[in-house]
Amino acid sequence: MEDKQKSKFQLIWGVLLVLAGIGLFFRIPQLMPGIKNIEQFAPFIYFIYFCFYLLAILLIAGGGRKIYTYVRQTNGKNSHAEEDVE
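For the sequence shown, my numbering assigns the number 97 to the initial residue and increments by one for each residue that follows.
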């Protein structure tokens with residue numbers, strides 16, 4: 097039972113990571129004008145863009161990996177159960 101709960105938790109965590117990454121993609125264009133106004137960050141604005149978008153991509157990739165692992169595990173368990181029946 098614990099393994100099943102942990103697996104569901106990993107699926108939920110994966111979905112939340114993907115949603116956070118997608119949300120960050122939409123939030124970056126809203127945040128950047130404020131960051132551009134800060135004089136200390138102005139010379140590094142392209143690096144900051146790169147970091148934010150990299151973070152969004154990593155969040156989506158990490159969440160996608162968790163979802164993919166969950167789907168593989170559940171499909172693998174179902175196929176083994178079907179083989180036992182035959």
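Don't be surprised by glycine CBs; every beta carbon is placed ideally from N, CA and C.
Where the alpha helix (DSSP H) through residue i begins and ends
{"i": "residue 134", "result": "It is not in any alpha helix (DSSP H) - residue 134 carries neither H nor E in the DSSP assignment."}
Cβ neighbours of residue i in the same chain (closer than 8 Å, five flanking residues each side left out)
{"i": "residue 116", "result": "155, 159"}
{"i": "residue 114", "result": "155, 156, 159, 160, 163"}
{"i": "residue 106", "result": "162, 165, 166"}
{"i": "residue 180", "result": "Note that residue 180 scores 48 on pLDDT, short of 50, meaning its location in the model is unreliable and no value can be drawn from it."}
Close beta carbons around residue i, own chain, < 7 Å, minus the five adjacent residues each side
{"i": "residue 177", "result": "Unreliable placement is indicated for residue 177, whose pLDDT of 49 sits below 50; no coordinate value is reported for it."}
Minimum C-alpha distance to residue i - residue among the options
{"i": "residue 122", "options": "162, 170, 148", "result": "148"}
{"i": "residue 102", "options": "171, 162, 172", "result": "162"}
CA-to-CA distance, residue j to residue i, given in whole angstroms
{"i": "residue 110", "j": "residue 153", "result": "13 Å"}
{"i": "residue 41", "j": "residue 112", "result": "This structure gives no information on residue 41, because the portion of the chain shown stretches from 97 to 182."}
{"i": "residue 138", "j": "residue 132", "result": "5 Å"}
{"i": "residue 135", "j": "residue 169", "result": "50 Å"}
{"i": "residue 172", "j": "residue 150", "result": "32 Å"}
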